[in-house]
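In my numbering, the protein residues as written are 25 to 370.
Each residue gets a CB set at the ideal place from its N, CA and C atoms; glycine is no exception.
Nothing here was measured: the structure is a model prediction, and the numbers come from that model.
Written out as structure tokens, the structure reads:
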């Protein structure tokens, strides 16, 4: 019997070893000390991300999970009121039918994608993206199917779909792209490098009146110092929804579900970074532009990042920023925020 059990276990282990399955992830612990109007708050959170990937031929299945303890710690809530939660994030498959690449399921686009610094790349439970390359041009169609909770007879569930066609290619070393949703917007962008200057520029023309958005970033390197300037110019205070920027120390949107900070229709920032003895230092200084009847809100962030011998990465940052949405003539509120972030990838 023992030999039979041992053989069964060995067979199972062998099957797992031969299967094209991988598990990856990352985790980070963040500690914060925040001071606003001489009121001090200390809080922390822990986040663990696990990614599972299975592959068979040209077909790959992905499932990503987030285990976090965010809650309302910042507001001083007790531990019990912000117990950890498990969030099922990306769940999708990629495959090919002939020359057509297909991605279907629940997934989000990142901030580096076309329009990624303008639109929050939200997830949907039934998204489909199909693309192929024709004569050096990538062309595709993407749709996130909507739904309706109305009980009215004859309601068309497809009315809430978000569908777009897109194309991208490289011309003279410059990446150019366009995305069109006939019912909502036209988005165009270009990125690349010219004479040592890196740039990225994107324009979103919304069908709704007075709601267009321009984003751009330019930068280069002088000796061992990298310098960049980035800005967003919006026609109104609700056209930018991305709240998890990879570029700006302070963002126009307050979070991933917000349509924007009160009274803010633009942001600009200068960033300078360099590496000294293995530690990367970055300084970002900018301003959230106040719309009519609102004041501009300045901000700055100093950050140091270093890979540790333990395999973890330590990031220490200090923010000093004015509260956006302050009416003209009112007193501005300053906030200082110290953050210590210890993260690891595996």
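- One Cα belongs to residue 46, the other to residue 81, and the distance between them is close to 15 Å.
- Here residue 271 carries a coil assignment [DSSP, helix/strand/coil].
- Residue pairing of residue 135 in beta bridges, as defined by DSSP: absent, with no partner found.
- Contact annotation: the stretch 152-164 touches the stretch 121-131, with at least three C-beta pairs closer than 8 Å.
- Sequence-distant Cβ neighbours of residue 212 in its own chain, meaning closer than 6 Å and more than five residues away, are 202 and 227.
- Partner residues in the beta bridge of residue 322, as assigned by DSSP, are 311.
- Every beta strand (DSSP E) stretch that sits fully inside the stretch 211-296 and reaches 3 residues is listed by chain position as 221-230, 237-246 and 249-258.
- In the DSSP secondary-structure assignment, residue 46 is bridged to 77.
- Residue 335 sits in coil when the DSSP states are folded into three classes, being neither helix nor strand.
- The alpha-carbon of residue 245 is positioned some 10 Å away from that of residue 296.
- Counting along the chain, residue 129 sits inside the beta strand (DSSP E) bounded by residues 124-130.
- Collapsing the DSSP output to three states places residue 62 in coil.
- The continuous stretches of beta strand (DSSP E) do not include residue 208, and DSSP gives it neither H nor E.
- Under the three-state reduction of DSSP, residue 146 is assigned to coil, being neither helix nor strand.
- One thing to note: residue 331 has its Cβ within 8 Å of the Cβ of residue 337.
- Non-local beta-carbon contacts of residue 364 in its own chain, meaning distances under 6 Å to residues more than five positions away in sequence, involve 55 and 340 in chain order.
- Out of 265, 220 and 215, the CA that lies nearest to the CA of residue 235 is found in 265.
- In the three-state reduction of the DSSP assignment, residue 140 falls in the coil class, being assigned neither a helical nor a strand state.
- The shortest C-alpha to C-alpha distance from residue 186 to any of 268, 208, 359 and 321 is the one to 208.
- Nearest to residue 309 by alpha-carbon distance, out of 346, 319, 285 and 301, is 346.
- The C-alpha of residue 120 is placed about 25 Å away from the C-alpha of residue 89.
- Residue 333 counts as exposed, since fewer than 16 other beta carbons sit within 10 angstroms of its beta carbon.
- For residue 154, the secondary structure class from DSSP, reduced to helix, strand or coil, is strand.
- Look at residue 355 here: in three-state DSSP terms it is coil, with no helix or strand label.
- Excluding residues up to 5 positions away in sequence, 227 and 257 lie with their Cβ nearer than 6 Å to the Cβ of residue 238 in the same chain.
- Rounded to whole angstroms, residue 267 and residue 358 show a C-alpha spacing of 21 Å.
- Here residue 250 is not near residue 241, since their CB atoms are 8 Å or more apart.
- Cα atoms of residue 193 and residue 351: separation of roughly 45 Å, rounded to the nearest angstrom.
- By the beta-carbon neighbour count (other beta carbons within 10 angstroms, threshold 16), residue 151 is buried.
- Look at residue 316 here: in three-state DSSP terms it is coil, with no helix or strand label.
- Rounded to whole angstroms, residue 53 and residue 200 show a C-alpha spacing of 38 Å.
- For the pair residue 344 and residue 140, the Cα-to-Cα distance works out to about 26 Å.
- Looking only at 135, 168, 138 and 191, the smallest Cα-Cα distance to residue 162 is reached by 191.
- Distance between residue 48 and residue 206, taken at the CA atoms: about 39 Å.
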